[in-house]
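Chains as they are written, first to last, in the working numbering: chain B, 559 to 628; chain G, 339 to 703.
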């Protein structure tokens with residue numbers, strides 16, 4: 559099951575906190591699409607994925623697609 | 339309050355205070371021929387000679403400016419204006435904002451040199467020789483402390499003017515080899531605020547990029563703050579004399595802090611582990627708000643800085659952390675003064691051990 563997480567209007571680190579809270583809700587290999595417009599979101603979602611061992615497979619404007627890997 | 343923000347501004351060195359007090363009445367115009375003017379001129383010249391000696395440069399290679407930022411602007415734009423070609427400026431993606439603003443002001447095309455994940459700029463990232471009029475890379479990074487391999491980078495770009503923003507390292511480390519022009523800022527080495535230095539190597543082509551002035555020492559502009567320049571020189575001499583001892587002590591304290599902060603769950607200590615400034619440690623903590631972290635540390639008695647967007651005047655995350663691919667939220671920069679003790683660092687580490695989990699608990703993590 560894929561999930562979409564609406565974090566528009568939230569300042570960092572809130573989008574990352576919300577993402578961390580729901581990542582366990584999708585199976586390994588499935589995706590979460592995060593909508594976030596904070597200026598730091600693109601850097602921090604990428605950094606979080608690297609620290610946590612997940613993959614950020616696309617980052618377009620305010621839409622980030624994360625694949626759960628662990 | 340334990341002040342751990344020397345990378346923003348170092349406390350005034352006792353030698354600077356003494357020099358300021360001894361010379362504060364010297365406000366006459368150094369261009370005039372009367373006695374008061376000659377006295378001021380003597381002290382002004384002395385400041386330049388002392389700085390030159392400490393830095394290992396010629397007195398006529400030094401321009402006093404009114405800030406480090408102004409020294410950077412004049413350095414970058416003066417080299418670019420004099421360059422044979424108005425081609426691109428290559429600058430590292432981890433430069434101080436003053437360098438990035440100067441490059442943008444030039445209206446030249448900018449080539450960004452990406453750092454590795456320690457924030458180090460590597461020679462293989464240098465553009466091809468014909469493509470740029472000027473390269474700008476800092477001596478050491480002001481936010482994460484990584485020392486750049488300037489001599490190697492300059493060797494990779496023979497014949498291309500090389501600007502070095504040395505504000506973060508001046509007085510702490512010798513100037514690197516290979517610069518054409520370099521900038522420093524007195525309040526970052528324990529001198530007074532309002533004094534910068536621009537160094538332009540003899541024989542390097544540099545042209546004043548801004549309106550000129552008929553001051554005593556071409557091409558400086560504006561009325562000289564003789565007393566502050568003298569105090570800046572006194573402080574630089576004093577810190578350079580102490581640098582080996584202070585730096586060794588600071589390196590041990592920051593090594594301890596790096597280890598302790600790395601041991602906190604979900605933290606990332608950023609910057610090069612060994613090729614780094616001795617007095618500076620930067621770390622980011624997942625799920626923590628940088629501004630809250632700074633405020634809580636302040637309440638606990640520690641003054642630190644943060645590169646997180648929420649803690650910045652611009653509300654933009656640190657361009658340095660972003661370029662390195664480091665976490666930009668939950669960031670703290672701890673920078674020691676010459677008086678910081680290991681006991682104080684142990685106290686800070688204990689506070690962070692408790693504070694970071696407590697802040698996470700507040701947001702349900």
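All C-beta atoms, glycine included, are put in the ideal place defined by N, C-alpha and C.
Shown here, residue 624 of chain B sits in a strand according to DSSP, grouped into three states.
Per the C-alpha coordinates, the member of G/400, G/698, G/411, G/368 positioned closest to residue 602 of chain G is G/698. Contact annotation: residue 522 of chain G and residue 532 of chain G have beta-carbon atoms that are not nearer than 8 Å.
Leaving aside the five residues that flank residue 518 of chain G on each side, the residues in its chain whose CB is nearer than 7 Å to its CB run, in chain order, 417, 499, 500, 501, 539, 542. A direct Cα-Cα distance of roughly 18 Å separates residue 612 of chain B from residue 594 of chain B. Residues of chain B with a Cβ closer than 7 Å to the Cβ of residue 655 of chain G are, in chain order, 597, 598, 601. Not one beta carbon of chain B lies nearer than 8 Å to the beta carbon of residue 463 of chain G.
For residue 463 of chain G, there is no enclosing beta strand (DSSP E), as DSSP gives it neither H nor E. With a cutoff of 8 Å on beta-carbon distance, residue 537 of chain G and residue 395 of chain G are scored as near each other.
Listed along chain B are 571, each with a C-beta nearer than 7 Å to that of residue 626 of chain G. Among the residues facing chain G, residue 574 of chain B is included, as its CB has a counterpart in that chain under 8 Å away. Using a Cβ-Cβ cut-off of 7 Å, residue 568 of chain B is close to nothing in chain G; its nearest Cβ partner there is about 12 Å away.
Rounded to whole angstroms, residue 599 of chain G and residue 382 of chain G show a C-alpha spacing of 45 Å. For residue 565 of chain G, the number of other beta carbons within 10 angstroms of its own is at least 16, and it is reported as buried.
Residue pairing of residue 364 of chain G in beta bridges, as defined by DSSP: absent, with no partner found. Annotation: Cβ neighbours of residue 663 of chain G in chain B (cutoff 8 Å, chain order): 601, 604, 605, 608. DSSP lists G/620, G/643 as the bridge partner or partners of residue 671 of chain G. Nearest CB-CB separation between residue 617 of chain B and chain G: not below the 8 Å threshold. Taking C-alpha positions only, residue 642 of chain G is separated from residue 478 of chain G by approximately 19 Å. Less than 8 Å separates the beta-carbon of residue 586 of chain B from that of residue 626 of chain B.
Exclusion of the five residues before and after residue 404 of chain G leaves 532, 534, 560 as the residues of its chain whose Cβ lies within less than 7 Å of its Cβ.
Against chain B, the CB of residue 667 of chain G has a partner CB under 8 Å away; the residue lies at that interface. Inclusion of residue 624 of chain B and residue 566 of chain B in the CB contact set at 8 Å is not warranted, their separation being larger than that value.
Contact with chain B is absent for residue 643 of chain G, since none of that chain's Cβ atoms lies less than 8 Å from the residue's Cβ. Here residue 562 of chain G carries a coil assignment [DSSP, helix/strand/coil]. Scanning chain B for C-beta atoms nearer than 9 Å to the C-beta of residue 703 of chain G yields 575, 578, 579, reported in chain order. The beta-carbon distance between residue 655 of chain G and residue 647 of chain G, rounded to whole angstroms, is 4 Å. This is short enough to meet the 8 Å contact definition. Listed along chain B is no residue with a C-beta nearer than 9 Å to that of residue 603 of chain G; the closest approach is about 11 Å. Here residue 339 of chain G is exposed: its Cβ has fewer than 16 other Cβ atoms, across all protein chains shown, within 10 Å. Ranked by Cα distance from residue 621 of chain B, the options B/588, B/600, B/607 are led by B/600.
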